[in-house]
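Step one of this worksheet: look at the structure below.
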Amino acid sequence: MRLGVLDVGSNTVHLLVVDAHHGAHPWPAHSEKVVLRLAEQIGPDGALTEAGADGLVKAVGMAKAAATGLATDDLIAFATSAVRDATNAADVLARVRDETGVRLAVLSGADEARMTFLAVRRWFGWSAGRLLVLDIGGGSLEIAAGIDEDPDVAVSLPLGAGRLTRERLRVDPASAAPPSAEAVDKLREYVDGRLDKVVDQMTEVGWGRAVATSKTFRTLARLAGAAPSGAGLWARRSLTRAGLRQVIGFIRHIPPAQLMELEGVSAGRAHQLLAGAVVAEAVMRRLDLDSLDICPWALREGVILRRLDQLEPI
Numbered sequence: 117m118r119l120g121v122l123d124v125g126s127n128t129v130h131l132l133v134v135d136a137h138h139g140a141h142p143w144p145a146h147s148e149k150v151v152l153r154l155a156e157q158i159g160p161d162g163a164l165t166e167a168g169a170d171g172l173v174k175a176v177g178m179a180k181a182a183a184t185g186l187a188t189d190d191l192i193a194f195a196t197s198a199v200r201d202a203t204n205a206a207d208v209l210a211r212v213r214d215e216t217g218v219r220l221a222v223l224s225g226a227d228e229a230r231m232t233f234l235a236v237r238r239w240f241g242w243s244a245g246r247l248l249v250l251d252i253g254g255g256s257l258e259i260a261a262g263i264d265e266d267p268d269v270a271v272s273l274p275l276g277a278g279r280l281t282r283e284r285l286r287v288d289p290a291s292a293a294p295p296s297a298e299a300v301d302k303l304r305e306y307v308d309g310r311l312d313k314v315v316d317q318m319t320e321v322g323w324g325r326a327v328a329t330s331k332t333f334r335t336l337a338r339l340a341g342a343a344p345s346g347a348g349l350w351a352r353r354s355l356t357r358a359g360l361r362q363v364i365g366f367i368r369h370i371p372p373a374q375l376m377e378l379e380g381v382s383a384g385r386a387h388q389l390l391a392g393a394v395v396a397e398a399v400m401r402r403l404d405l406d407s408l409d410i411c412p413w414a415l416r417e418g419v420i421l422r423r424l425d426q427l428e429p430i
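Take any residue in the sequence shown, count from 1 to its spot, add 116: that is its number in the working numbering.
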């Protein structure tokens, strides 16, 4: 069957279409995304702005039209932290449904962590043993650990790269100056404080292999010397703590407007990279991780795999 997955995230609205069947590897047939930065369009009252809602409705409508044109058998649409945390989420979801016909399911942070964990487990297989999975998104940080396909512990913290950039570093994407050393130090202290409880939880569960997923970690790994995307999906990639510290050492002195010029850094996320790097370093340090394996599968693939698991084998 042909499945469409519409992921309304904190940074982008991403449509992924795959061809798959029960028990098979899902093969991408089409991918398109629109950069909306919904996490940065939350007003002082905590509500998604009218402009943000307008952009979301337009992007979802375009994605639905594309999915229909590609003859998808099913379209799974979901939203994560930016919509989940908005005080007017119910109104926004109703408007999307009424104007596009698409019903967006809102995933909890814990469900995000579980779905991502499933994708990583399937990618590396049972031989990977007990896994620890980290995922830094635009609005939240997900951490999960366990031995099965469903993790023993799955938590979500409001430590997304976009959220922290907006609330803590207050970085303008077009800024000609990097954040001050004081602002970065305060951000590190804040992140450390939010990690205290989770460190104890994860240490109790334990793990044998630590893995990271999603755009922030992939970008940091690339800057630290990992293979480029052109090397293919199967190329082994990792991020060491020493390499990450070197990356932070130079990107913290580069203005956001210039970060996008670095190889592997997307223009839409360049200004969020430093905040994401601070979170990554804090998690690796607090959990005493010397290295992370980078997994190309993440939340979208986890949602696809869960949907395929619901199909009856032929």
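Think of the CB as a built atom: it goes at the ideal place given N, C-alpha and C, for glycine as much as any other residue. Just so we're clear, the structure is a prediction, and the values are computed from it rather than from any experiment.
Note: Thr128 is bridge-paired with Val151 in the DSSP secondary-structure output. Taking the C-beta atoms as reference points, Ala414 is found nearer than 9 Å to Thr232. Contact check for Pro267 against Ala373 fails: the beta carbons are separated by 9 Å or more.
Rounded to whole angstroms, the separation of the alpha carbons of Arg200 and Tyr306 is 22 Å.
DSSP links Gly162 through a beta bridge to no other residue. With respect to Leu311, Gly392 sits apart: the two C-beta atoms are not nearer than 9 Å.
Following the DSSP letters along the chain, one finds Ala206 inside the alpha helix (DSSP H) bounded by residues 205–216.
Per the Cβ contact rule, the segment 392–410 is in contact with the segment 325–336 (3 or more Cβ pairs under 8 Å).
Here the C-alpha atom of Gly359 lies approximately 24 Å from the C-alpha atom of Ala293. When DSSP reads this structure, Pro295 sits in no beta bridge, so it has no partner. Taken through DSSP and simplified to helix, strand or coil, Arg422 comes out as helix. Pro344 and Val381 have their C-alpha atoms some 11 Å from each other.
The beta carbon of Ala299 sits closer than 8 Å to the beta carbons of Arg284, Leu285, Arg286 from its chain, once the five residues preceding and following it are set aside; these are given in chain order.
If you draw a 10 Å sphere on the C-beta of Trp143, you find fewer than 16 other C-beta atoms in it, and that means exposed.
Non-local beta-carbon contacts of Ala326 in its own chain, meaning distances under 6 Å to residues more than five positions away in sequence, involve Leu248, Leu405, Leu408 in chain order. The DSSP-derived three-state label of Asp312 is helix.
Rounded to the nearest whole angstrom, the CA to CA distance from Ser354 to Arg361 is 14 Å. Around the C-beta of Pro295, 16 or more other C-beta atoms lie within 10 Å, and the residue is accordingly described as buried.
When rounded, the separation of the alpha-carbon atoms in Gly162 and Asp123 is 21 Å. Counting C-beta atoms within 10 angstroms of its own C-beta, Thr184 has fewer than 16 neighbours from the protein chains shown and is therefore classed as exposed. One Cα belongs to His369, the other to Ile410, and the distance between them is close to 26 Å.
DSSP, read as helix, strand or coil, puts Glu258 in strand. In the structure shown, Val269 adopts extended strand secondary structure according to DSSP, grouped into three states. Around the C-beta of Phe366, fewer than 16 other C-beta atoms lie within 10 Å, and the residue is accordingly described as exposed. When Ala181, Ala226, Gly168, Gln388 are compared, the shortest CA-CA separation from Lys331 is found for Gln388.
Take Val212, set aside five residues on each side of it, and the residues of its chain with a beta-carbon closer than 7 Å to its own are Leu172, Val173, Val176, Val218, Leu220, in chain order.
Residue range 330–339 is occupied by the alpha helix (DSSP H) that includes Thr332, with no beta strand (DSSP E) assigned at that position.
For Thr232, the enclosing alpha helix (DSSP H) has its first and last residue at 225–240. When beta bridges are read from the DSSP output, His146 appears opposite Val133.
Within the model, the alpha-carbon separation for Met400 versus Ala383 is close to 26 Å. The closest CA to that of Ala181, considering only Leu152, Val222, Glu166, Val133, is found on Val133.
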